[in-house]
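Some notes on the structure that comes next.
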Amino acid sequence: MKPKLNIYQVKIPLKSNFTTSFGTQKYRNALILHLQTDNVNAYSECVTDENPFYNYEDNDTALHIISKYLIKHIVDLPKPEEFMERCKTIKGHNMAKASIEMLLWDYHSKIEEKPLYQYIGKSRGYALVGISIGMDETNRMIKAIDESLKKGYKRIKVKIEKGKEEKILSEVRERFPEIPLSADANSCYSVKDFEILKNLDKYNLLYIEQPLSYDDLIYHSKLRKQIKTPICLDESITSYEKAQKAFEIGAADIVNIKPGRLGGISNSIKVIELASKTGHGVWIGGMLETGIGRAFNIALASLENVNMPGDTSPNDRYFEKDIVKNIFVMNDGKIKPFENPGIGVELDMEALNSYMISKYEFELNFN
Ligand code: OSB
Ligand code: MG
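Okay, so the sequence shown: first residue is 115 according to this note's numbering, each after it adds one.
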């Protein structure tokens, strides 16, 4: 059989709405990649959404870039690093590239019969887990925090937006004065809002995540000199070089690693190593992934150099029924990666079919 790449677009209802400063998500609208060869089924997830609100990519741009430019580079199923080398001249589109790069990581770790988390580096064997809580009426956010603490989450992150930050953070801090708490602004503030941000120092946050524009470094470094709260960058860190620059100019104390945003696992590992070597905080974020993308995130989050709890909740925090048969469990705020080869999860075809809105099939032909 010739190797085949299937892309399934699935639209899965979230258990509860997820509201950030850029909008409300009711579904996870995902592209699931499935590589079929004679001896292996490999998977990955493209973390784009139907809207380009987190960054500029969406499901349609990803499908376009994958089908027109990326598939031709993987007909011989190269190692992930070789694939990235081949697509060096294609600018941006990191989420599209990452979905193929991660597919190759799953494929090659399966060929070598190793679990992904052992294949990619030195692992401590488990991920430290925090939770990201969307905006809602404050009493509901407080209830969600209370339940999360009882489940053992190591860190609570709340979403904030301009005009709502004081209400959310004062009420949360009043009820939970001591918990490890952070706030994620998803880039909603500007250089004119430094006074608002200075006023958040009193909440004793572990860090504020991405307060300023999604591609900014300079104003973050300016802001950092005026506030006590550490800054964690998410959206702005789209490459190793951006991470270097952020550290060099003091724009970030901490970085959130999302393999989709960074163009895959190889780049993520490089940034993790840079951060830990230079004494910065580093943790693994999330994009409300299905069990496929989640398995990659948890493998990464288990690496020894990842030194802070991330946003990798177990599957049942997001979905009534996920598209995988293997579901993560959290014990004492820790999740262990699966031991099966590769990402170690099997697709639940029945669940997948029930959520499927499109299917694309590509034969991997040399030509
Ligand atoms: O900024 O970290 C973010 C979800 C979608 C887009 C951006 C972000 C998030 C989250 C959720 O915070 C993290 C998760 O639980 O997957
Ligand atoms: Mg974020």
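C-beta atoms are modelled at their ideal positions from N, C-alpha and C, and glycine is treated no differently. Note that this is a predicted model, so its numbers are computed, not measured.
Assigned secondary structure, residue i (DSSP; H/G/I helix, E/B strand, else coil)
i      : result
Met422 : coil
Asp430 : helix
Asn440 : coil
Gln340 : coil
Ser304 : coil
Ser135 : coil
Val369 : strand
Met216 : helix
Ser130 : strand
Lys271 : strand
Gly377 : coil
Lys205 : coil
Leu311 : helix
Lys257 : helix
Asn467 : helix
Asn165 : coil
Own chain residues within Cβ distance below 6 angstroms of residue i, not counting five before or after
i      : result
Thr133 : Gly248 and Met249
Gly456 : Asp220, Ser223, Lys224 and Leu230
Ser237 : Tyr231, Ser416 and Leu417
Ser327 : Ser301
Tyr474 : Ile121
Gly364 : Ser335 and Arg338
Gly266 : Asp446 and Gly447
Tyr333 : Val305 and Leu326
Leu218 : Pro194 and Phe197
Residue closest to residue i, alpha-carbon to alpha-carbon, out of the options
i      : options                           : result
Ile310 : Ile341, Phe452 and Leu119         : Ile341
Ser296 : Cys302, Glu159 and Lys268         : Lys268
Leu263 : Ile406, Asp348 and Pro294         : Pro294
Pro428 : Phe410, Gly405, Leu376 and Leu414 : Gly405
Lys448 : Asp430, Ser472 and Pro423         : Pro423
Lys439 : Asp446, Asp430 and Gly377         : Asp430
Ser246 : Tyr233, Thr252, Lys273 and Asp329 : Lys273
7 angstroms Cβ shell around residue i - same chain, five flanking residues per side excluded
i      : result
Lys129 : Tyr432, Phe433 and Glu434
Leu184 : Cys201, Ala210, Lys211 and Ile214
Leu319 : Leu295, Ser296, Ala297 and Thr343
Ser382 : Ile371, Pro373, Leu376 and Leu414
Pro166 : Asp172
Same chain only: Cβ atoms within 8 angstroms of residue i, ignoring 5 sequence neighbours per side
i      : result
Leu466 : Tyr122, Val124, Ile146 and Ile437
Ser380 : Pro194, Glu195, Met198 and Glu215
Asn303 : Reading the sequence as shown, one finds Tyr at residue 303 and not Asn. Around Tyr303: Lys276, Ile310, Leu311, Pro325 and Leu326.
Ser181 : Tyr474 and Phe476
Gly395 : Tyr321, Pro344, Cys346, Asp367, Ile368, Val369, Ala389, Asn421 and Met422
According to DSSP, residues forming a beta bridge with residue i
i      : result
His148 : Asn120 and Tyr157
Leu242 : Lys448
Asn143 : Lys125
Ile322 : Ala297 and Ile345
Glu477 : Lys118
Ser472 : Gln123
Ser237 : Leu417
Gly456 : Pro229
Leu461 : Val438
Ile247 : Val272
The ligand COA heavy atom lying under 7 angstroms from the CB of residue i
i      : result
Met401 : Questions concerning the ligand COA fall outside what the structure shown contains, since the ligands it does hold are the ligand OSB and the ligand MG.
is_contact[residue i, chain B] using C-beta, thresh 8 angstroms
i      : result
Lys118 : Included in the structure is just one protein chain, with no chain B present.
(request) Write down every uninterrupted run of the alpha helix (DSSP H) in the stretch 386-424 whose length is 4 residues or greater and which is fully enclosed by it, in chain order. (result) Complete alpha helix (DSSP H) runs here, min 4: 405-415.
(request) Any chance you could list the beta strand (DSSP E) runs of at least 3 consecutive residues sitting entirely within the stretch 175-203, in chain order? (result) Under the rule that a run must span 3 or more residues, no beta strand (DSSP E) segment is found entirely inside the stretch 175-203.
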